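Reviewing the structure listed below.
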Amino acid sequence: MLSLLLLAASPFQDPDVHYHEQVAYYPIKADSWDALLEVVRRRPGKGNKAWAQTAWNASYKVAFASDQRRCWISAMEVTLKVTISLPRWLDTPKALKPRWEAFYEHIHRHEYRHRQHVIDMIKALRSRAMALPPGPDCGAIKAGYLRIKTELEQKREQQDTKLDEQDRLWQISEQQQATD
Numbered sequence: 032m033l034s035l036l037l038l039a040a041s042p043f044q045d046p047d048v049h050y051h052e053q054v055a056y057y058p059i060k061a062d063s064w065d066a067l068l069e070v071v072r073r074r075p076g077k078g079n080k081a082w083a084q085t086a087w088n089a090s091y092k093v094a095f096a097s098d099q100r101r102c103w104i105s106a107m108e109v110t111l112k113v114t115i116s117l118p119r120w121l122d123t124p125k126a127l128k129p130r131w132e133a134f135y136e137h138i139h140r141h142e143y144r145h146r147q148h149v150i151d152m153i154k155a156l157r158s159r160a161m162a163l164p165p166g167p168d169c170g171a172i173k174a175g176y177l178r179i180k181t182e183l184e185q186k187r188e189q190q191d192t193k194l195d196e197q198d199r200l201w202q203i204s205e206q207q208q209a210t211d
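In this note's numbering, the protein residues as written are 32 to 211.
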């Protein structure tokens, strides 16, 4: 699998968010559209029938400060690592090149929408966590932070599920066209 580390500008304008993105390409060899579909169906992985995948891992460092009467979040640092795995059709037949390029562009946009869901979640978490008003004790502030984090993670998961379902229907339609 070919990997490429992107040195593109971070989508975060925040020095406390450390962002790393990697794009990996897996090769596909096929001489027809039907053969292409079969290669992807048989691709190793967790029942992998997906054309591409966006994986991410975030680590959070939250610092609390307190005085005799209250506690607050004084700092929050996030490290976000995103890996996007995309197909690369080697030796695409000339007659299928335009169709493949359009199909690939759709897959690419899809994965970058997953990436954007994660970025939006991290931005919202930082913003909302740092805006939490001081509380009577650090346990209450930590509980508030965890509630926000859970809410935003669930929202991102719902967005990803909805996106995958919409595109699953699109892919089924595309695959049926290939066999018609």
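Glycine included, every Cβ here is placed at the ideal spot set by N, Cα and C. Quick caveat: nothing in here was measured; it's all calculated off a predicted structure.
Cβ pair residue i, residue j closer than 9 Å
i	j	result
Trp82	Val149	no
Lys60	Asp151	no
Val93	His51	no
His139	Asp198	no
Inter-residue Cα distance where the pair is residue i and residue j
i	j	result
Glu69	Gln190	29 Å
Pro46	Ala66	47 Å
His49	Val109	6 Å
Lys154	Ala171	22 Å
Val54	Leu117	7 Å
Trp120	Arg101	59 Å
Met107	Arg157	7 Å
Ser97	Met161	14 Å
Lys173	Arg73	45 Å
Val71	Ser105	48 Å
Asp84	Ile115	Per the sequence presented here, residue 84 reads as Gln, with Asp not at that position. For Gln84 and Ile115, the distance between alpha carbons rounds to 6 Å.
Glu184	Gln99	33 Å
Trp131	Ser63	11 Å
Pro58	Ser41	27 Å
His141	Leu194	8 Å
Ser90	Glu196	28 Å
Phe43	Leu111	10 Å
Thr192	Ala133	23 Å
Leu37	Glu188	Here Leu37 scores only 46 on pLDDT, less than 50, and its place in the model should not be relied on; the value that follows carries that caveat. If I take the Cα positions, the gap works out to 25 Å.
Trp103	Thr181	19 Å
Limits of the beta strand (DSSP E) - the one that residue i falls within
i	result
Leu111	Cys102 to Leu121
Ala55	Val48 to Lys60
N- and C-terminal bounds of the alpha helix (DSSP H) containing residue i
i	result
Trp82	No alpha helix (DSSP H) contains Trp82, which DSSP labels as neither H nor E.
Lys154	Lys128 to Met161
Asp65	Trp64 to Arg72
From the options, residue whose alpha carbon lies closest to that of residue i
i	options	result
Tyr135	Tyr56, Lys193 and Arg159	Tyr56
Say whether the segment 122 to 132 touches the segment 176 to 188, bearing in mind that this needs 3 or more beta-carbon pairs closer than 8 Å, one atom from each stretch. no
Any contact between the segment 129 to 147 and the segment 160 to 168? By contact I mean 3 or more CB pairs, one from each, below 8 Å. They do not touch, by the three-pair rule.
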